[in-house]
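Here the numbering used here runs 66 ahead of the position in the sequence shown, where the first position is 1.
Virtual Cβ for every residue (Gly too), placed ideally from N, Cα, C.
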Amino acid sequence: MKYKAVIFDMDGTIVNSIFGIMHSMNNVLARHGLELINVDQCKSFVGNGIKELVRKVAGINSPDDPLLEQYYRDMLEEYSKNWDYRMYVYDGIIELLDFLAQKNIKLGVNTNKDEDIAKLIAEKYFPGYFSYLVGGRTNIPKKPDPAGALLVAEKLGADPRRCIYVGDSNVDIRTARNAGMFAVGALWGFRSREELLNEGADAVIEKPMELTGILSLT
């Protein structure tokens with residue numbers, strides 16, 4: 067099957083954003099006298115959106131707990147100021163995007179990150195590369211619901227079965243499978259090979275340009 071589009075997750079897939087997330091979260095935790103987290107802990111919590119990150123880090127069980135709303139608002143405030151803190155594009159990503167563009171492969175992004183911030187990242191680090199981006203929206207369920215991925219595919223004019231979905235987490239692999247897309251796990255991100263394969267990844271890659279081998283085999 068010839069693939070027409072590649073849809074990327076953002077955090078842990080095309081950019082390393084963990085330091086900005088951790089810095090912002092720790093500022094909130096310090097403000098409320100709670101224990102700070104380290105990088106490995108932060109990596110284990112990301113992938114389901116900021117609100118779920120806050121809930122897990124703060125150890126809040128009920129989604130209706132008023133403390134969750136307070137910490138969440140504080141986190142949004144902090145992250146709006148620190149989203150770019152020590153952020154960088156992973157080695158090989160720009161090379162891969164250039165290769166895909168030269169092959170007329172359509173490119174999109176599907177992330178649980180706040181869409182306004184996701185667009186700022188795309189504009190700063192990837193100007194002109196992505197034809198459509200879906201971030202966290204109130205009218206679209208978060209991943210692993212496939213709605214966002216399917217909307218990106220629709221906007222790119224690609225049948226979901228002819229889309230490759232690249233992400234670094236079990237949430238991404240589940241999203242791809244739910245959308246009927248070819249699921250590729252990115253091992254340079256926040257999760258392990260075992261987690262991605264156990265979730266049902268069709269392939270896992272250690273470096274971005276390895277995706278070109280998958281394209282050549284299909």
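Please state if the CB of residue j and the CB of residue i are separated by a distance shorter than 8 Å.
{"i": "K181", "j": "G201", "result": "According to the sequence provided, residue 181 is Glu. The question's Lys does not apply to it. Yes. Within cutoff."}
{"i": "Y156", "j": "N236", "result": "no"}
{"i": "E144", "j": "S110", "result": "no"}
{"i": "L163", "j": "Y198", "result": "no"}
{"i": "I73", "j": "V270", "result": "no"}
{"i": "N244", "j": "N178", "result": "no"}
{"i": "N92", "j": "I103", "result": "yes"}
{"i": "V232", "j": "D77", "result": "no"}
{"i": "R259", "j": "D234", "result": "no"}
{"i": "K267", "j": "G279", "result": "One point to set straight first is that residue 267 is Ala, not Lys, in the sequence displayed. Cβ atoms of A267 and G279: not closer than 8 Å."}
{"i": "K209", "j": "T241", "result": "yes"}
Note down the Cα distance separating residue i from residue j, rounded to an integer number of angstroms.
{"i": "A71", "j": "I171", "result": "5 Å"}
{"i": "Q168", "j": "N176", "result": "22 Å"}
{"i": "A133", "j": "L142", "result": "A small fix is needed here, since residue 133 is Leu in this sequence, not Ala. Looking at the two C-alpha atoms, the distance is approximately 14 Å."}
{"i": "S282", "j": "L173", "result": "17 Å"}
{"i": "K120", "j": "V94", "result": "Before going further, note that residue 120 is Val rather than Lys in the sequence given. Spanning the two alpha carbons is a distance of roughly 9 Å."}
{"i": "Q107", "j": "Y137", "result": "18 Å"}
{"i": "I230", "j": "L277", "result": "9 Å"}
{"i": "A224", "j": "E261", "result": "28 Å"}
{"i": "D131", "j": "F165", "result": "47 Å"}
{"i": "G214", "j": "Y69", "result": "19 Å"}
{"i": "I187", "j": "D150", "result": "8 Å"}
Starting from the C-beta of residue i, find all residues in its chain whose C-beta is less than 8 Å away, skip the five residues before and the five after it, and write them out in chain order.
{"i": "E161", "result": "P274 and M275"}
{"i": "L216", "result": "P226 and A245"}
{"i": "Y154", "result": "V81 and N82"}
Report back the beta-carbon spacing between residue i and residue j to the nearest angstrom; my notes put them in contact at under 8 Å.
{"i": "L253", "j": "E272", "result": "5 Å"}
{"i": "G86", "j": "R139", "result": "So it is not a contact: roughly 18 Å between Cβ atoms."}
Within a Cβ cutoff of 7 Å, which residues of the same chain sit near residue i, ignoring the five residues on either side of it in sequence?
{"i": "K122", "result": "F111"}
{"i": "I126", "result": "L133 and L134"}
{"i": "K147", "result": "none"}
In its own chain, which residues sit with a C-beta less than 6 Å from the C-beta of residue i, not counting the 5 before and 5 after it?
{"i": "F248", "result": "I230 and D268"}
> Which ranges does the beta strand (DSSP E) cover as unbroken runs of at least 3 residues, wholly within the stretch 148-199, from first to last along the chain?
Replying inline: Within the stretch 148-199, the complete beta strand (DSSP E) runs of at least 3 residues are 172-180.
>> Suppose only complete runs of 3+ residues qualify. What are the beta strand (DSSP E) ranges in the stretch 195-247, listed by chain order?
In response: Counting whole runs of 3 or more residues, the stretch 195-247 contains the beta strand (DSSP E) stretches 198-202 and 229-233.
> Which runs of the beta strand (DSSP E) fall wholly inside the stretch 98-139 and span at least 3 residues, in chain order?
Replying inline: None, since the stretch 98-139 contains no complete beta strand (DSSP E) of that length.
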